[in-house]
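**Q** Those sequence lines, one after another, are chains A and B. Under full-length UniProt numbering, the first residue of the first sequence carries the number 1, and numbering increases by one thereafter. Under full-length UniProt numbering, the first residue of the second sequence carries the number 1, and numbering increases by one thereafter. Handing you a structure now.
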Amino acid sequence: MSVLLYLIPIALALGAAGLVAFLWALRQGQFEDMDGAAIRILFDEDEAQR
Amino acid sequence: MRGDALAACLHCREPVIAGDFCCTGCETAHATIERLGLGLYYRRRSLDPGLNRPRPDAAAMDFTALAEPCGDGLLRLNLMIEGLHCAACVWLIEAMLAKQQGVVTARLNMTTRRLRLEWKAQANTANDLVGAVLALGYRVAPYDPSMLVDVAKQAERELLRCLAVAGFAAGNVMLLSVAIWAGHAQDMGPATRDLLHWVSALIALPAIAYAGRPFFRSAWTALKARRTNMDVPISIGVALAAGMSLFETLTGGPHAYFDSAITLLFFLLVGRYLDARARGRVRGAAEYLLALQAGAVSVLQEDGSIRLLPVRQVQPGMRALVAAGERLGVDGVVRAGSSEIDTALITGETLPRQAAPGASLHAGTLNLSSSLTVEVTAIGEGTLLAEIVRLTELAEQGRARYVALADRVSRRYAPVVHLLALFTFLGWIGLGGIGWQPALMNAVAVLIITCPCALALAVPAVQVLASGRLMRQGILLKSATALERLTRIDRVVFDKTGTLTVGRPALIPGDMPEEALRLAAGMAAASRHPLAQALARAMPGVPALSGVEEVPGRGLERGDIRLGSRRWLGFGSSDSQIIGPELWLARPGQEPVRFRFRDEVRVDATEIVARLQARRIKVSLLSGDQSPAVAAVAEAVGIVDWRAECLPDDKVVAIRQWIDAGERVLMVGDGLNDAPALAAATISLSPSSAADISQNAADIVFQGERLAPMLTAMGVAARAEALVRGNFAIALGYNVLAVPLAMAGLVTPLIAAIAMSSSSVLVILNALRLNRGQLA
């Protein structure tokens, strides 16, 4: 069972990494415009972008 | 008159009289878009035709003073964009601005309609960039981000953060719990189990303390006010579950409920977040109103120069210059110039009003034809606009007395649950004859198992799906309880102008000579005045005449031929009495010709009234207009019960009487004068053609030229109500099964976790049925 001693911290670290990534995205304002973001992705495929 | 056979303007799709465009503004916009290679816009957009017409007459405001430096030689400008309807508009504006020189960031938020623009100060000017947006046909209003202290937005962010923390903790604790449950079945040693319990506690306790705050806060506020709400049993359940689990861990006991407590919080936060999002959609309109107030005013200085000041810095007594096409930011009295004022925002009137020196104007109205010098009499809080916003808020407080179904359920639910837990505790001590610790364990198990997770999800899940569905059809739910109140309607009350009718004048066919009509339509073709446009629409295919001059506030002139008001042409008012709006055509040596106009009835008004009546819903018409006009419309659409010449108060009194008689009244209106009535009714709807400010008073706003969205909304509401009731049944049914188990002391953490999750998922799945199938 001693394997738990480092498997649990690894699992927690992975989860925490995801949490930090999400909080970072939130802070960056990526959740400000839920309506636009969903459709915006469909529009950027051509020469319209600089 | 608005025949579909007509050619449509390439830009705004309004019917055109000749050529490809309805006006020079549209032609310029189209040319700009094509020149920049953004023609894709026309294929991508999904347009409600006619909403988005450029106003070439809109005088450019000076935005230079509003741009603020933001480091690195960059300037930043925050704008509110008016006339945004779909993602293609967002794409168009962003792509167009990105092609402008020096632009670093151009980001348009589709939900809040805010544009954040940053560019290199030496490469471009604010006015050029704003001008480029204006040229596309959008209107802009400057706004001051500091004035929009957005509490709701912050709350939504906090919920998301809590959701993230709870999700992280729930996932990890559940992982450990599965190991513990498996260990119970096999041969996990107590030391390993305790270790896993300790790790769970380490993750769950801080997460609960952090992610539970929205619930704890709300519960505490309710308790302090000696009330109870859904958050009280939630908080008690979660706190007890966590506390008891910690006790078990400390004493090396076999059962810890950390996973239940944190998973419960996670599910509840999902519901809470969905709820907040549904409410958040309303904010756009309210912010736009604030933006009107936050705009800038061109103030005439002592030395004759003009300075752009934010509204906050304007003082009564100052003289402000209001250009044609500009919205007034202040209340004032006209000192110089004469023009026409569009008061639709305040009064709901479709026809512009004359403004000459001495006339008083209100903030929020739009100056149409020529520039005015206005002496400021009131600003900000003192303006009529602010007063109206306040009145509307007041009216809405009355509405706030309505208790949402979920709260009504939880008010009865909480005491029952807490009593059950108490009985369990006392029962096990008295009858079961066990110590207080195991007895408390069983009581807490009851609280955990009854924690109203599914109950708290039942309403938001349905609400979000319903509002999403309605949103896709151009119906905007503004109040959280709107759907609940929209069910079982007994009576529908309509307003006339702008509600049953389009709110746009149309020529009454008469015995006007054909050539006079052609001449008048040709003269009118170039004008933006509503009556002139109606005249031009009545004679499709007549080319615009050249050499027509517009005399602001009076009419049109071509040589010695004049088209305009009776007074301007000098007939006095000796003629027969004036019924409705009219235009006169005067030619030297010929009899003047009169054109009369009236408001068109919405295309499907008659059908909708008939369908409502077929459902045994009573239909009434309350109008502030004169009797003959109201009678005509009532007859046209088949309404028997109508009243004319109603003051705003009369409408409220009538509606109150019906409500007191036990009816559920749905009010449909658009004018600001309807606002009190809209607030007095059980539920109210407003067309989006109504001014934004009066939409504020309504619970639901619908788009388009038709009234059919009314029936759609009623259909979705009925469906949503059935689903909510179904969800309550599921949640309560699950409790009826699980509570006896918990009282008998048979609930282990595993059973609690399964029961909790399955009931939540079941409720969400049930809510998803809303989007299946057609509505009646």
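We put the CB at the ideal spot given by N, CA and C, even for glycine. Here the structure is a predicted model, which is why all the values come from computation and not from measurement.
Applying the criterion that 16 or more other CB atoms from any shown protein chain within 10 Å of the CB defines a buried residue, is Asp72/B buried or exposed?
**A** Exposed, by the Cβ-count rule.
**Q** Looking at the C-beta of Ala211/B, does it have a partner C-beta in chain A at a distance below 8 angstroms?
**A** So no, Ala211/B is outside the interface.
**Q** If you measure between the beta carbons of Arg491/B and Val665/B, is that distance less than 8 angstroms?
**A** In contact: Arg491/B and Val665/B (Cβ atoms closer than 8 angstroms).
**Q** Nearest-angstrom Cα distance between Thr450/B and Ala482/B?
**A** Distance between the alpha carbons of Thr450/B and Ala482/B: 28 angstroms.
**Q** Anyone know if the C-beta pair for Val640/B and Ala605/B falls short of 8 angstroms?
**A** Not a contact, by the Cβ cut-off of 8 angstroms.
**Q** Taking only three categories from DSSP, how would you classify Leu92/B?
**A** Residue state, collapsed to three classes: helix.
**Q** Which partner residues does Pro687/B have in the DSSP bridge list?
**A** Answer is Phe702/B.
**Q** Quick one: list the residues of chain B neighbouring Ala13/A, beta-carbon separation under 9 angstroms, in chain order.
**A** Chain B residues near Ala13/A: none, gap ~10 angstroms exceeds 9 angstroms.
**Q** What are the residues of the segment 4-31 of chain A that lie near chain B, defined by any Cβ-Cβ distance shorter than 8 angstroms?
**A** Of all residues in the segment 4-31 of chain A, Leu4, Ile8, Ala11, Leu12, Gly15, Ala16, Gly18, Leu19, Phe22, Leu23, Leu26 and Phe31 have a Cβ within less than 8 angstroms of some Cβ in chain B.
**Q** Within the 8 angstroms Cβ cut-off, does Val165/B reach chain A?
**A** So yes, Val165/B belongs to the interface.
**Q** Would a check of beta-carbon distances place Ala87/B closer than 8 angstroms to chain A?
**A** By this cut-off, Ala87/B is an interface position.
**Q** Nearest to Gly364/B by CA position, among Ala141/B, Ile234/B and Ser686/B, is which residue?
**A** The option with the nearest alpha carbon to Gly364/B is Ala141/B.
**Q** Mapping the DSSP letters down to three states, classify Asp604/B as helix, strand or coil.
**A** Note: Asp604/B maps to coil in three-state DSSP.
**Q** Please tell me whether Gly271/B has its Cβ less than 8 angstroms away from any Cβ of chain A.
**A** Judged by the 8 angstroms Cβ criterion, Gly271/B is not in contact with chain A.
**Q** Would you call the segment 549-569 of chain B and the segment 463-471 of chain B touching, i.e. three or more CB-CB distances under 8 angstroms?
**A** Verdict: no, contact absent.
**Q** By a C-beta neighbour count over all protein chains shown, 10 Å radius and 16 as the cutoff for buried, is Lys478/B buried or exposed?
**A** So Lys478/B ends up on the buried side.
**Q** Let me see if you follow: with CB-CB separation under 8 angstroms, is Leu723/B close to chain A or not?
**A** Output row for Leu723/B: interface = no.
**Q** According to the neighbour-count rule (16 or more other Cβ atoms, all chains shown, within 10 Å of its Cβ), is Asn771/B buried or exposed?
**A** Burial call: exposed.
**Q** Note down, in chain order, every chain A residue with its Cβ under 7 angstroms from the Cβ of Val104/B.
**A** Ordered by position in chain A, no residue passes the 7 angstroms Cβ test against Val104/B, which lies about 11 angstroms from the chain.
**Q** What does Gly171/B reach in chain A if we use C-beta pairs closer than 7 angstroms?
**A** The contacting residues are Gly15.
**Q** Arg161/B touches chain A at which residues, Cβ-Cβ below 8 angstroms?
**A** Correct list: Leu23 and Leu26.
**Q** What residues in its chain sit with their C-beta under 6 angstroms from that of Ala454/B, if we drop five residues either side in the sequence?
**A** Answer for Ala454/B: Ala731, Ser759, Ser760 and Val763, listed in chain order.
**Q** Hey, could you find the ends of the alpha helix (DSSP H) Val724/B is sitting in?
**A** Start and end: Pro709 to Met743.
**Q** Bridge partners of Pro505/B, per DSSP?
**A** Note: Pro505/B sits in a beta bridge opposite Asp599/B.
**Q** Return no unless some Cβ of chain A is closer than 8 angstroms to the Cβ of Met110/B.
**A** It does; some Cβ of chain A falls within 8 angstroms.
**Q** Rounded to the nearest angstrom, what separates Val199/B and Val417/B at their Cα positions?
**A** Computed Cα separation, rounded: 31 angstroms.
**Q** Going by Cα to Cα distance, which pick from Leu457/B, Val603/B and Ser757/B is closest to Asp275/B?
**A** When only C-alpha atoms are compared, the closest one is Leu457/B.
**Q** With a threshold of 8 angstroms between beta carbons, is Arg598/B in contact with chain A?
**A** Not closer than 8 angstroms to any Cβ of chain A, the Cβ of Arg598/B fails to qualify, so no.
**Q** With Leu556/B and Ser527/B assumed to form a contact (beta carbons below 8 angstroms), what rounded beta-carbon distance in angstroms separates them?
**A** Their Cβ separation, rounded to whole angstroms, is 6 angstroms, which keeps Leu556/B and Ser527/B in contact under 8 angstroms.
**Q** Is the Cβ-Cβ distance between Leu205/B and Val238/B less than 8 angstroms?
**A** Not in contact: Leu205/B and Val238/B (Cβ atoms no closer than 8 angstroms).
**Q** Indicate whether at least one CB of chain B lies closer than 8 angstroms to the CB of Gly36/A.
**A** Closer than 8 angstroms to some Cβ of chain B, the Cβ of Gly36/A qualifies, so yes.
**Q** For Leu366/B, which residues of its own chain have a beta-carbon under 6 angstroms away from its beta-carbon, when the five flanking residues on both sides are left out?
**A** Arg327 and Asp342.
**Q** Who are the Cβ neighbours of Gln613/B in its own chain at under 8 angstroms, not counting the five residues just before and after it?
**A** Closer than 8 angstroms at the Cβ level, and outside the excluded window around Gln613/B, lie Val619 and Gly638.
**Q** Less than 6 angstroms between C-beta atoms, sequence neighbours within five positions excluded: which residues of the same chain meet that for Ala17/A?
**A** No residues qualify anywhere along the chain.
**Q** At a CB-CB cut-off below 7 angstroms, which residues of chain A make contact with Leu476/B?
**A** Going along chain A, no residue has its Cβ under 7 angstroms from Leu476/B, so there is no contact; the nearest lies around 12 angstroms.
**Q** Taking Val747/B as the reference, which of Arg566/B, Leu419/B and Asn442/B has the closest Cα?
**A** With distances taken between Cα atoms, Val747/B lies closest to Asn442/B.
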